[in-house]
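With my numbering as the guide, the letters of the sequence shown map in order to residues 51 to 194. C-beta: ideal position from N, C-alpha, C; glycine also.
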Amino acid sequence: MNTKGLTRRLKYYGLGFGLGLILVWATLLKDRDRASWLPEGRILDFLEEVDLEITSKAQCQLDCLKIDAKLFDKTFWENAKVDFKKSAVKRKPCPEHYIKSKLADGREIALYIENCETCIDCENERTAFLRSIEIDGIENCNCE
């Protein structure tokens, strides 16, 4: 049995594998806050980039809960998570996503956002609408 040849081949394999890992890190992961090729990352990156339009119901809820719309800043989106079980991702033409995050004051907040990132044949392409808000432990504001 030739263990010298096997050892040599394993060293070449390890060197190639290591160089491949470094290449993947340098091209895909370096200088990124979150992985944008995964669905959650893509959705949150899009929502962070666009101006979030607030529906009248959501504006009523913001006023009732005393939340300033300016709180939905970069820090808010960095801590956000998309719950795909509560989202309506198959809805056409624009899916709705359930997004949970924390406000600057530490309160947990959940948003229903209609995401029209790729809306074929509609005027709302590249827009997002804040449709409703939920905060645990807070009564409903009776907004319709």
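Practice problem: Hey, could you find the ends of the alpha helix (DSSP H) I93 is sitting in? | Solution: Counting along the chain, I93 sits inside the alpha helix (DSSP H) bounded by residues P89 to E99.
Practice problem: Would you tell me roughly how many angstroms separate the C-alpha atoms of L161 and L121, rounded to the nearest one? | Solution: Each residue's alpha carbon lies about 13 angstroms from the other.
Exercise. Return yes when the Cβ of I159 is within less than 8 angstroms of the Cβ of H147, no when it is not.
Key: Not closer than 8 angstroms, so no.
Quiz item: CB K150 to CB K135, shorter than 8 angstroms?
Solution: No. Outside cutoff.
Practice problem: Could you tell me the boundaries of the beta strand (DSSP E) in which T177 lies? | Solution: DSSP places T177 in the uninterrupted beta strand (DSSP E) bounded by T177 to I185.
Quiz item: For V74, which three-state DSSP category applies?
Solution: It is helical.
Quiz item: If you draw a straight line from the C-alpha of D118 to the C-alpha of N129, how long is it?
Solution: C-alpha separation (whole angstroms): 18 angstroms.
Quiz item: Where A76 and G70 are concerned, what is the direct C-alpha to C-alpha distance, given to the nearest angstrom?
Solution: Roughly 10 angstroms between the two C-alpha positions.
Quiz item: By a C-beta neighbour count over all protein chains shown, 10 Å radius and 16 as the cutoff for buried, is N165 buried or exposed?
Solution: Using a 10 angstroms sphere on the CB of N165, the tally of other CB atoms reaches 16 or more, which defines it as buried.
Quiz item: So, helix, strand or coil for L102, using DSSP?
Solution: If DSSP states are grouped into helix, strand and coil, L102 belongs with the strands.
Practice problem: On a CA-only basis, which of V74, I185 and R181 is nearest Q109? Give me that one, please. | Solution: If we check each option's Cα against that of Q109, R181 comes out closest.
Practice problem: Just mark I72 as buried or exposed, buried being the case when its beta carbon has 16 or more other beta carbons within 10 Å. | Solution: With fewer than 16 other Cβ atoms within 10 Å, it is exposed.
Self-check item: Nonlocal neighbours in the same chain, by C-beta distance under 6 angstroms from F126, ignoring five residues either side
Solution: Listed in chain order, the non-local C-beta contacts of F126 below 6 angstroms within the same chain comprise S151, local neighbours out to five positions each way being set aside.
Quiz prompt | Per-residue DSSP class, three states only, for L161 | solution = Three-state result, L161: strand.
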